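Asks: Residue numbering for the sequence shown follows our numbering, starting at 1345 and increasing by one per position.
From the three backbone atoms N, C-alpha and C, an ideal C-beta is built for every residue, glycine too.
Since the model is a prediction, treat every value here as computed from it, not as a measurement.
Quick one: this structure, given as structure tokens, is what I'll be asking you about.
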Amino acid sequence: MTEARQTPAGEVYRAFWRWHFYAGLLVLPVLMLLALTGGLYLFKDELTVIAQRPLTVVADGPGATRPSAWIAQAEVAAGGKVRQLVIPARGDRSVQLALDTDDGARTAYVDPHTGRVLGVGAPGGLMGLVKRLHSLDIAGPAANLLVEVVAGWAIVLVATGVFLWWPRGRGGGVVTVRGAPARRVFWRDLHAVTGVFAGLVIVFLAATGMPWSAFWGKEARQLTTQAGWGRPRPPVAQPHHAGEAQTEGVPWALQARAAPASGHGHASLGVDAVVERARAAGLTDGFTLTLPKTHGGTWTAAYMPDQVERTRTVYLDGGDGRVIADLGYRDFGPAAKVIEWGIAVHQGQQFGLANKLVMLAGCVAVWLLGVSAIVMWWKRRPKGRLAAPVPPADRRASLGLLAIVLPLAVFYPLVGASLAAALSVDLILRCLSPRRLEAGA
1345 MTEARQTPAG EVYRAFWRWH FYAGLLVLPV LMLLALTGGL YLFKDELTVI
1395 AQRPLTVVAD GPGATRPSAW IAQAEVAAGG KVRQLVIPAR GDRSVQLALD
1445 TDDGARTAYV DPHTGRVLGV GAPGGLMGLV KRLHSLDIAG PAANLLVEVV
1495 AGWAIVLVAT GVFLWWPRGR GGGVVTVRGA PARRVFWRDL HAVTGVFAGL
1545 VIVFLAATGM PWSAFWGKEA RQLTTQAGWG RPRPPVAQPH HAGEAQTEGV
1595 PWALQARAAP ASGHGHASLG VDAVVERARA AGLTDGFTLT LPKTHGGTWT
1645 AAYMPDQVER TRTVYLDGGD GRVIADLGYR DFGPAAKVIE WGIAVHQGQQ
1695 FGLANKLVML AGCVAVWLLG VSAIVMWWKR RPKGRLAAPV PPADRRASLG
1745 LLAIVLPLAV FYPLVGASLA AALSVDLILR CLSPRRLEAG A
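Right, dumping it as structure tokens:
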């Protein structure tokens, strides 16, 4: 027999329960915020129309003003410089122009048929705020690192939760909920059954959210590119105006990639001609156009529909409008294809309404798990105590748990750092008085 098998089953269960408890205690508030904002963002198009209808919906008509007029009007209204246009696919939607102003980034909404500015607001409007909350960017770049840690520990929560749920000959509370809400067993069963049915969706959401993280996402993009599994190799550089890396308005795999250089050092094509060239290249269903940072530099036109395999990014020479590069999903390496597909499913885009509803179910499940966990804890805790599960007497009981956590710690380094911190805290708690910190002492 191995040492792990000699360890009593109750000790192993206690080790898993203790880690499940503390992991939930640490990440639950942020995890519930991510679920709330993520659930809202699944329906960003629908909610944007409802919340910002005067800015986003226009009367459809046969004619349209020129893109140069949109830019001119937006820059006057916002007092800044346009860097990107979102040209809608539908005639009854406004053009959105991203600007840099002295007061920071702003978004202007322009009626494409009349050229009238409908309003100026914060970047992305209401859904932009939801997105910044979801990524914690609203609290600064460092806060985004917390998202990566929380996502990693969400996977630990699911894995340890499945172990705790495992029937072990038990008949009730496996796939059904027993009792009434007044009883603790009801909340225990609700917590366990919800976690089992939604566990795979939660793990999927956690894993596919990692590419956006400030540390793992950046490193993954760099490593996959170096290995030839990520974004496509850039075309041969031209002599003038090498581009800078883009961080928005293009697919994830291309966000750290500099736009290929334009071959014209002095000539500069206007935005009206560039839009026509982009449409001639096949971008007729609406696209995002990023302006060059330098005179005569490269323009980037990105078409990002719901289905990731239809994604295209076209780079246009700023001098004569010729297509320098036309990159699509077919050009991505295997790792980038998997990540881009995961992102599309994560955002509820790839498979239509069914996709949105499944991801929404995962978000709702996180809230059910959070609420049921709080109620369970409240019903079992002695007055004035934390009511944490008692640590196992045999330290070998944690070996099976480490088999789950250590691979995650290696694959997600920030999770590994937080694991080291958690182990240190656990050791300190073991050394302190159990009567003050543990429920069953």
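Suppose contacts are defined by Cβ-Cβ distances below 8 Å. Is Ser1479 in contact with Trp1556 by that definition?
Replies: Yes; because the gap between Cβ atoms is below 8 Å, this pair is in contact.
Asks: Could I get the ranges of all uninterrupted alpha helix (DSSP H) runs contained in the stretch 1635-1691, with 4 residues as the minimum, in chain order?
Replies: Counting whole runs of 4 or more residues, the stretch 1635-1691 contains the alpha helix (DSSP H) stretches 1678-1690.
Asks: Any idea which residues DSSP pairs Ala1550 with across the strands?
Replies: Ala1550 is not bridged to any residue.
Asks: Less than 7 Å between C-beta atoms, sequence neighbours within five positions excluded: which residues of the same chain meet that for Gly1368?
Replies: Taken in chain order, the residues that qualify are Leu1501 and Ala1717.
Asks: Going by the CB atoms, is the gap between Leu1477 and Thr1381 shorter than 8 Å?
Replies: For Thr1381 and Leu1477, yes; Cβs fall inside 8 Å.
Asks: Does the distance from the C-beta atom of Arg1397 to that of Gly1424 stay below 8 Å?
Replies: Against a cut-off of 8 Å, the Cβ pair of Gly1424 and Arg1397 comes out as no contact.
Asks: Residues in the same chain with beta-carbon distance under 7 Å from Phe1755, minus the five sequence neighbours each way, listed in chain order, please.
Replies: Here the set comprises nothing.
Asks: Would DSSP call Phe1360 helix, strand or coil?
Replies: Helix.
Asks: Check whether the Cβ atoms of Asp1661 and Thr1642 lie closer than 8 Å to each other.
Replies: Taking 8 Å as the Cβ cut-off, Asp1661 and Thr1642 qualify as a contacting pair.
Asks: How is Val1461 classed by DSSP in three states: helix, strand or coil?
Replies: Strand, per DSSP.
Asks: Quick one, which of Thr1632, Arg1522 and Ala1442 has its alpha-carbon nearest Val1594's?
Replies: Comparing Cα positions, the closest option is Thr1632.
Asks: Taking all protein chains shown into account, decide if Leu1627 is buried (16 or more other Cβ within 10 angstroms of its Cβ) or exposed.
Replies: The residue is buried, with at least 16 neighbouring Cβ atoms inside 10 Å.
Asks: For Val1401, which three-state DSSP category applies?
Replies: Here Val1401 sits in strand by DSSP.
Asks: Return the chain-ordered list of same chain residues with a C-beta closer than 6 Å to the C-beta of Leu1712, the five sequence neighbours on each side being excluded.
Replies: The answer, listed in chain order, is Thr1538.
Asks: Leaving out five residues before and five after Val1474 in sequence, what residues of the same chain have Cβ atoms less than 7 Å from its Cβ?
Replies: Cβ within range, chain order: Thr1381, Leu1384 and Tyr1385.
Asks: Just tell me which of Ala1669, Asp1675 and Leu1534 has its CA closest to the CA of Glu1653.
Replies: Per the Cα distances, Asp1675.
Asks: Compute the distance between the beta-carbons of Met1720 and Arg1514, then report whether it is under 8 Å.
Replies: No, the Cβ-Cβ distance between Met1720 and Arg1514 is not below 8 Å.
Asks: Please give the ranges of any alpha helix (DSSP H) in the stretch 1365-1411, keeping only runs that are unbroken, at least 4 residues long and fully inside the region.
Replies: Whole alpha helix (DSSP H) segments, 4+ residues: 1388-1395 and 1397-1400.
Asks: Going by beta-carbon coordinates alone, are Gly1696 and Leu1549 separated by less than 8 Å?
Replies: No, these two residues do not count as a Cβ contact at 8 Å.
Asks: Are the CB atoms of Leu1771 and Val1749 within a distance shorter than 8 Å?
Replies: No, these two residues do not count as a Cβ contact at 8 Å.
Asks: Per the contact definition of three or more C-beta pairs closer than 8 Å, is the stretch 1396-1416 in contact with the stretch 1611-1630?
Replies: Verdict: yes, contact present.
Asks: Roughly how many angstroms lie between the CA atoms of Asp1455 and Leu1462, to the nearest whole one?
Replies: For Asp1455 and Leu1462, the distance between alpha carbons rounds to 7 Å.
Asks: Report all residues from its chain with a CB closer than 8 Å to the CB of Asp1787; omit the five preceding and five following residues, and keep chain order.
Replies: Residue 1787 lies beyond the stretch modelled for the chain, which goes from 1345 to 1785, so this question has no answer here.
Asks: Output the distance between the C-alpha atoms of Arg1724 and Pro1733, rounded to the nearest integer angstrom.
Replies: Taking the straight line from one Cα to the other gives about 11 Å.
Asks: Could you compute how far the alpha carbon of Ala1645 sits from the alpha carbon of Phe1365?
Replies: Whole-angstrom Cα-Cα distance: 48 Å.
Asks: For Val1710, is the classification buried or exposed, using 16 other Cβ atoms within 10 angstroms of its Cβ as the cut-off for buried?
Replies: Per the 10 Å Cβ criterion, buried.
Asks: Report the residue from Phe1387, Pro1736 and Glu1492 whose alpha carbon sits nearest the alpha carbon of Ala1353.
Replies: Measuring from the Cα of Ala1353, the nearest candidate turns out to be Pro1736.
Asks: On the CB-based measure, 16 or more other CB atoms within 10 Å of its CB, does Phe1541 come out buried or exposed?
Replies: With fewer than 16 other Cβ atoms within 10 Å, it is exposed.
Asks: Closest by CA to Ala1731, which one among Trp1361, Val1356, Glu1355 and Pro1373?
Replies: The shortest Cα separation from Ala1731 among Trp1361, Val1356, Glu1355 and Pro1373 belongs to Trp1361.
Asks: What are the boundary residues of the alpha helix (DSSP H) that Ala1764 is part of?
Replies: Ala1764 -> alpha helix (DSSP H) spans Pro1757 to Cys1775.
Asks: Using 8 Å as the threshold, is the C-beta distance between Leu1752 and Thr1504 below it?
Replies: No, the pair does not count as a contact, with Cβ atoms beyond the cut-off.
Asks: With 16 other CB atoms within 10 Å as the buried threshold, where does Leu1544 fall?
Replies: Leu1544 should be labelled exposed.
Asks: Is it the case that the Cβ atoms of Tyr1453 and Leu1489 are separated by a distance below 8 Å?
Replies: For Tyr1453 and Leu1489, no; Cβs fall outside 8 Å.
Asks: On the DSSP bridge assignment, give the partners of Gly1435 in chain order.
Replies: The partner list for Gly1435 (beta bridge, DSSP) is empty, contrary to what the question assumes.
Asks: Give the range of the alpha helix (DSSP H) segment to which Thr1569 is assigned.
Replies: Note, Thr1569: alpha helix (DSSP H), Trp1560 to Gln1570.
Asks: Once DSSP output is grouped into helix, strand and coil, what is the label at Ala1353?
Replies: Looking at Ala1353 - three-state DSSP - the assignment turns out to be helix.
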